[in-house]
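Reading through the structure tokens given below for one structure.
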Amino acid sequence: MKSRWNETEAARCADALALRAYTSRLLGSDKSLVMHGGGNTSVKLTQPNLFGESEDILYVKGSGSSLETIQPSDFVPVRLAGVRRLIERDSLSSRRMAEEFGAQALRPGVPSIESILHAILPYKYVEHTHADTVLAVANTVNGARHLQSAFGDRALIVPYHHSGLALAKACAAVFTAQASSRTIGMVLLHHGVLAFGHSARESYEHMIALVDAAEAYLHRQDAWTLSGLSREAKDARPTTAAIAALRRDISSAAGFPLLLTRRDDPLIHGFVNRPDAAPITQQGPATPHHAIFTKRVPLLGVDVAAFSAQYRQYIQENRPATAEECFLDPAPRITLTPEFGLCAAGISAHHANAAAEIYRHTIEIISRASLLDTYQALPPAEILAAEIEYGGFEHALLARRTPANRWLGEIALVAHADSPVGQPCIAALLEGGAAVAGLERGTATDDNRWTPAYQGITCATTDKNTRERALEQLVDTFGGLDMLITDDLSLIEPCLPLLKLSPSQGRVAFLSPQGQALTVFHQTAATLAADRIRLNAVSYAPTESEQAARLAAALCGPLFAGTSGALVPVHGFNLVS
Ligand SMILES: [Zn+2]
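Each residue of the sequence shown is one higher than the one before, counting from 6 in this note's numbering.
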């Protein structure tokens, strides 16, 4: 790994805090260092308080911000002495720690849970990442010995402790006893790595030096290069119905709809086909932060009920007596099978993609650790503690259910997505929290609409094979289909198997320009009723396509949950029969 420090860009930074943000973004832009809110950084500055007296202030990453995009305003300023003194406490509940941080903060904001650790280290700059390479070396049966060989006396080794006060105290003890002039960082076993320095560049480059040393060590031990396995032509892809059935089962176990995104490449294919796939995947995540998105272990195969039973048992056996409320559902987030590859579930496209990306990195970490030695994760109780504290975020999203997320975890397919009626329809569905696939005729998609929740699919014809390919793309991206919005009733038939597998309820909104095809619509609604799929229609005049599009989306919403076969005209007094 090479330093990405750029003298010209650094020179544009007006002050130490801007430099802090700059090198934090350098770390955050490399997914092998941190992903999806992981990691944290800080800088210690001296500045005058309200009375003109000098005060030492710790600017530390705000909880919830991402190192990839962090700006100076995303760092929360807290009084250094007040936060550093918390190390004297024997214990501190999460709630009490948050209150104490709040009392030391110069302005509203939630400083990182590792703020005490940042405060006690005697360096102006401190960086913390979950570097894949360091975890591949550390998460092994002989991790401490390998780290010693990789880093020598440049990094101290700290046994695993839960984030917050316990980890800060463990680091303080190791640093006080062992730090020397050669020390540039610390490895937090089963968690990640810390680096520090007296300048922004020095501190950042100490992190890069440690990651580079771990990489060089893996090379020396023939544990760097990973071989994949190509899927053979005879291996048929999974059917769309099989994937949608898996999504339905996972959603049913969770108690709310989830999206399911599928990934397959030679590395994934080789990993899921390993003879030792069961023991290596059922160990646990590389760092507790990953479990928030992936859960502790993946489901191997498609028996969701068995996974849920084991997950309930895991909670029962490992839940600490003092645990706060537990909002964890027993549904898997990662599924691995030789046929499917990797399927990742999430309540939004962002969360499903994050889970998939994190597990793809986990595969690399486990594979390298297994080449070096035997992969070893934390005991289940330690992972569950992190899952309880930070996981179960879906509960909060659903509890705050508003019109803006009424379709969270649901999938819509919009025909003629690039037409005047398709565009506002997609906008309405995205505003309601749905993931949306649009069948486009091949014209350019509006870049401003780009979001992971929208997938444009080129499908210019009504040819059977082309439509099949389009549905495969839909299901690989989001996992199934709950809502179809179409001006073409012939699209219902190929979508029907997927609509039947909706974890909520399959529904169709038919956009009928000038009241076309309404006789067929009524017949189709009666046929679909047997499968409990709702079909309602909007007839409209060409000048009212935007209103018609929004109404079609609304017909898929909760207000019409008990309605099927309804025709709603939007052309006011200019009635069309
Ligand atoms: Zn961490």
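Even for Gly, the Cβ is constructed at its ideal location relative to N, Cα and C.
These figures come from a predicted structure and were not determined experimentally.
Might you give, ordered along the chain, the residues of its own chain that have their beta carbon closer than 6 Å to the beta carbon of Thr340, omitting 5 neighbours on each side?
Same-chain partners within the cutoff: Leu304, Cys348.
Applying the 10 Å Cβ sphere with the 16-neighbour rule, what's the burial state of Lys469?
Label assigned to Lys469: exposed.
Give me, in chain order, the residues of the same chain whose beta-carbon lies closer than 6 Å to that of Phe312; leave out the 5 immediate sequence neighbours on both sides.
For Phe312, where only same-chain residues beyond five positions count, the Cβ hits under 6 Å are Leu304, Pro337.
What three-state label does DSSP hand Asn144 in the structure shown?
Asn144: coil per DSSP, three-state reduction.
Quick one: what does DSSP say Asn54 is sitting in, helix, strand or coil?
Three-state DSSP puts Asn54 in coil, outside helix and strand.
By the three-class DSSP mapping on this structure, what secondary structure does Ile538 have?
Correct three-state label for Ile538: coil.
Which of the three DSSP states is assigned to Phe201 in this structure?
The answer is strand: DSSP assigns Phe201 an E or B state.
Tell me whether His167, by its Cβ, gets closer than 7 Å to a heavy atom of ligand 1.
No, the Cβ of His167 stays beyond 7 Å of every heavy atom of ligand 1.
Quick one: complete beta strand (DSSP E) runs, 3+ long, within the region 21 to 76?
Runs found: 45 to 53, 59 to 66.
Exposed or buried, what is Thr407 when buried is set at 16 or more other beta-carbons lying within 10 Å of its beta-carbon?
Burial call: exposed.
For the candidate residues Tyr27, Ser375, Arg225, Ala86, whose alpha-carbon lies nearest to that of Phe80?
When only C-alpha atoms are compared, the closest one is Tyr27.
Hey, Asp492 and Ala420 are a contact pair by Cβ (cut 8 Å); roughly how many whole angstroms apart?
Correct: roughly 6 Å between the Cβ atoms.
Cβ of Gly33 versus every heavy atom of ligand 1: is any distance shorter than 7 Å?
No, ligand 1 has no heavy atom inside 7 Å of this Cβ.
Can you have a look at Pro262 and say buried or exposed, based on whether 16 or more other CB atoms are within 10 angstroms of its CB?
Buried.
Between which two residues does the alpha helix (DSSP H) harbouring Leu489 extend?
Unbroken run through Leu489 is the beta strand (DSSP E), 488 to 491; no alpha helix (DSSP H).
Grab the span of the alpha helix (DSSP H) containing His133 for me, first residue to last.
Unbroken run through His133 is the beta strand (DSSP E), 130 to 134; no alpha helix (DSSP H).
Can you find at least 3 beta carbon pairs, one from the region 395 to 405 and one from the region 540 to 556, that sit closer than 8 Å?
Output reads no: the region 540 to 556 does not touch the region 395 to 405.
Measure how close the beta-carbons of Ser71 and Glu119 come, nearest whole angstrom, since I'm counting them as under 8 Å.
About 15 Å separates the two Cβ atoms, so there is no contact after all.
Which class does Thr568 belong to by DSSP, given the choice of helix, strand or coil?
Coil at Thr568, not helix or strand.
Contact between the region 242 to 259 and the region 223 to 231: three or more CB pairs below 8 Å?
No: fewer than three Cβ pairs fall under 8 Å.
Within the continuous alpha helix (DSSP H) that includes Ile388, where are the two ends?
Looking at the DSSP string, the run of the alpha helix (DSSP H) that includes Ile388 is 385 to 395.
Quick one, are the C-beta atoms of Tyr459 and Gly443 less than 8 Å apart?
Cβ distance < 8 Å, so Tyr459 and Gly443 count as in contact.
Give me the Cβ distance between Val131 and Ser208, rounded to the nearest whole Å; I'm assuming they're in contact under 8 Å.
That belief holds up - the Cβ atoms of Val131 and Ser208 are roughly 7 Å apart, short of 8 Å.
Measuring CA to CA, which of Thr138, Gln428, Ala296 is closest to His41?
Of the candidates Thr138, Gln428, Ala296, the one whose C-alpha sits nearest the C-alpha of His41 is Ala296.
Kindly identify the DSSP beta-bridge partner or partners of Arg512.
According to DSSP, Arg512 bridges with Met488, Arg539.
Relative to the alpha-carbon of Arg112, which residue among Leu32, Arg537, Val83 has its alpha-carbon at the smallest distance?
Looking at the Cα atoms, Val83 is the closest of the given residues.
Count the other CB atoms within 10 Å of the CB of Arg65; is the residue buried (16 or more) or exposed (fewer)?
Just to set this straight, residue 65 is Val in the shown sequence, not Arg. It is buried - the Cβ of Val65 has at least 16 other Cβ atoms within 10 Å.
Considering only the beta carbon of each residue, do Glu73 and Gly114 sit closer than 8 Å?
Cβ atoms of Glu73 and Gly114: not closer than 8 Å.
In angstroms with no decimal places, state the Cα-to-Cα distance between Ala282 and His356.
C-alpha separation (whole angstroms): 25 Å.
Measuring CA to CA, which of Thr529, Pro518, Leu152 is closest to Glu551?
Ranking Thr529, Pro518, Leu152 by Cα distance to Glu551 puts Pro518 first.
What three-state label does DSSP hand Gly427 in the structure shown?
Three-state result, Gly427: helix.
Whose C-alpha, out of Ala291, Glu237, Gly346, Ala249, is nearest the C-alpha of Ala274?
Note on identity: in this sequence residue 274 is His, with Ala being the wrong assignment. Of Ala291, Glu237, Gly346, Ala249, the residue nearest in Cα terms is Gly346.
Taking 7 Å as the cut-off, does the CB of His196 come closer than this to any heavy atom belonging to ligand 1?
It does: the Cβ of His196 is within 7 Å (strictly closer) of some heavy atom of ligand 1.
May I ask you to report which of helix, strand or coil DSSP gives Thr266?
Looking at Thr266 - three-state DSSP - the assignment turns out to be strand.
Beta carbon of His295: closer than 7 Å to some heavy atom of ligand 1?
His295: no, Cβ never under 7 Å from ligand 1.
Look at the alpha carbon of Leu383 and the alpha carbon of Gly289, and state the distance between them as a whole number of angstroms.
Rounded to the nearest angstrom, the two C-alpha atoms are 7 Å apart.
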